[in-house]
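A short write-up of the structure that comes next.
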Amino acid sequence: MACVSDNRYHHGTTIKEFRILRGMTQESLAALWPKSNGNDGVLPRYIQDVEYGKKHIDDPNTLRRLAEILQIPLWRFGLSDYDPFHPLSLVVRGKSLHNLTLDAIESLIEQTWNLRCAARLVDAEKGIVRLNSLFAYFQEHVPLPLRLERRFQLLYAQVQRLNAVTYVEKKRYDEALDMYGRMYETAQQTEDASLMALALMSEGVEFERRGEKEFALSRLEEARDASFGASKQIIAFVHSYLARVYASVGDKVRFERAIHSARTMASSLNGSYGDGTQFVFGRVSSILAERSYGYLELGEPQKTLEMRMEIEAQLRDDQDLRLLTWIPLDWARAYHLLGQVEECIKEGQAFYRRAAAMHSPHAVSQANKLLRSLEKDGYGKVQAVQDFREELQIVKAYI
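Numbering of the sequence shown is given in numbering that gives the first Met the number 0, commencing with residue 0 and proceeding in unit increments.
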């Protein structure tokens, strides 16, 4: 289909429209008119000729300077914010479409995290697919200066983080660690303390999952150091996971010190901890859960069970359904360590059913891990364990 052009259009029409809109006379615009030699100022008659189409302005540099003077959107002149002749000089005026797009992306990132907290992993993944599609488009079509902008990079890192946690849910742990490595590279480009801390923390947690505890501890301690240049939200968040690794390596003193620091810092935020500020979505209940996990790693299951009422009350306040799915696994592990097999299976079944409903292969694998540990400890012939094994096999066929 052929395009139909309007031969009556000339840039003088737009210039006149915005001159009047800005309350400028032809004389005042004439005094500011940019000339090709770098000077300013022309005769008022020149402005008249331009506005009536007797003289045509085609030089893009002149049009860009007029756009600045009269606050004309560049698209009205058929131009964009990106100037190929000055690629590093990018002027974004007001609430541009680019900034509005980043606002929408930030909102989508927050919504996706909230869906995860609501244990709606399938819906969260749809959001991640959309975010990946947007950033793939940006990489191809958005000018380099915009892609190097600090805010763009910060949001891109958060999308990388969402991809990584999704890989974990799918048991694609190597890909998760690789993605966290990319997030760290993005963080280095921004030199943002909060992002550096999150990236290092996330890498450390993955190393701990792999059993590489020394690497994990090194990363988490680096994350702690980086967090001191960030907000209280980040400091509390990082310390809660640092506590996990201290427990994992059997350092009870530093575990309790780190978890105390996390709780103290979170408490000082007057209920705002984990509200999404700086993309921290773990509420106070998540800190309590790390304390519970830590005592299990340290071989003190009774302390975990003593926290149960406190954790469940906090979960009701926080409405973190994903953590509500996971927490019965702590009770199951605690009862296992205490030799109370019937209670262990009861909590293990509750965890498994919720994990299956959440559609998380990673979570489901932990139920299977619990079963294997029971069998290893000689409980394989206990009727409750046999029933649990059968349930795992039946449900596995449907997920």
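Ideal Cβ positions, reconstructed from N, Cα and C, are used throughout, including at glycine. Keep in mind that this is a model prediction, so the values were computed, not measured.
query: Three-pair Cβ contact test at 8 angstroms for the segment 140-158 versus the segment 338-352; result: no
query: Three-state class that DSSP yields for D173 in the structure shown; result: helix
query: Cut-off 7 angstroms between Cβ atoms - residues of its own chain near R223, not counting five sequence neighbours on either side; result: V237, H238 and L241
query: Whether L156 touches A123 by CB criterion (8 angstroms); result: The residue you asked about is not Leu; residue 156 is Ala in the sequence shown. Cβ atoms of A156 and A123: not closer than 8 angstroms.
query: Close Cβ partners of K302 (< 6 angstroms) along its chain, the five nearest in sequence each way excluded; result: Y294
query: CB-CB length for A246 against M264, believed under 8 angstroms; result: The pair is not a contact, with the Cβ atoms about 19 angstroms apart (cut-off 8 angstroms).
query: Rounded C-alpha distance that separates M182 from V283; result: 25 angstroms
query: The segment 157-169 touching the segment 209-220, judged by at least three CB pairs closer than 8 angstroms; result: no
query: I234, enclosing alpha helix (DSSP H) - first and last residue; result: K231 to S247
query: Assigned secondary structure, A360 (DSSP; H/G/I helix, E/B strand, else coil); result: Here residue 360 turns out to be Pro, not Ala, going by the sequence shown. Reduced to three states, the DSSP call for P360 is helix.
query: Rounded separation between L147 and G298 - CA only; result: 48 angstroms
query: Contact between the segment 300-315 and the segment 243-261 (3+ Cβ pairs under 8 angstroms); result: no
query: Sub-8 angstroms separation of I46 and L28 beta-carbons; result: yes
query: Beta-carbon proximity of L114 to R160, cut-off 8 angstroms; result: no
query: Contact under 8 angstroms by Cβ, T13 with R64; result: no
query: Three-state secondary structure (DSSP) of D39; result: strand
query: Where R18 sits in the DSSP three-state scheme; result: helix
query: Host alpha helix (DSSP H) of Y334 (start-end); result: L320 to L336
query: Alpha-carbon to alpha-carbon, Q138 and V204; result: 29 angstroms
query: Every unbroken alpha helix (DSSP H) inside the segment 250-334 [4 residues or more]; result: 251-266, 283-296, 300-305 and 307-317
query: Three-way DSSP call (helix, strand, coil) for G93 in this model; result: Annotation note: pLDDT 48 at G93 (below 50); position unreliable, coordinate value reported separately. The answer is coil: DSSP assigns G93 none of H, G, I, E or B.
query: Chain C contact for R146 (CB, 8 angstroms cutoff); result: In the structure shown, chain C cannot be found, because there is only a single protein chain.
query: Cβ neighbours of R150 in the same chain (closer than 7 angstroms, five flanking residues each side left out); result: L101
query: Where P33 falls: helix, strand or coil (DSSP); result: strand
query: Rounded C-alpha distance that separates Y334 from L176; result: 32 angstroms
query: Helix, strand or coil at D48 [DSSP, three-state]; result: helix
query: Pick from S79, V121 and E109 that is closest to L96, judged by C-alpha positions; result: S79
query: T100, DSSP secondary structure in three states; result: helix
query: Contact check, V11 vs E50, beta carbons under 8 angstroms; result: The question names Val, yet the displayed sequence has Gly at residue 11. Contact: yes.
query: D319 burial status per 10 Å Cβ neighbour count (16 or more: buried); result: buried
query: Reference D58; option with closest CA among L69, N36, L42 and R44; result: N36
query: 8 angstroms contact criterion, which Q232 and T276 should meet: CB distance rounded; result: 5 angstroms
query: Residue interval of the alpha helix (DSSP H) (run including T61); result: P59 to L69
query: Proximal residues to E220 (C-beta, below 8 angstroms), its chain only, five neighbours per side dropped; result: L241
query: For L373, the three-state DSSP class (helix, strand or coil); result: helix
query: Where I393 sits in the DSSP three-state scheme; result: helix
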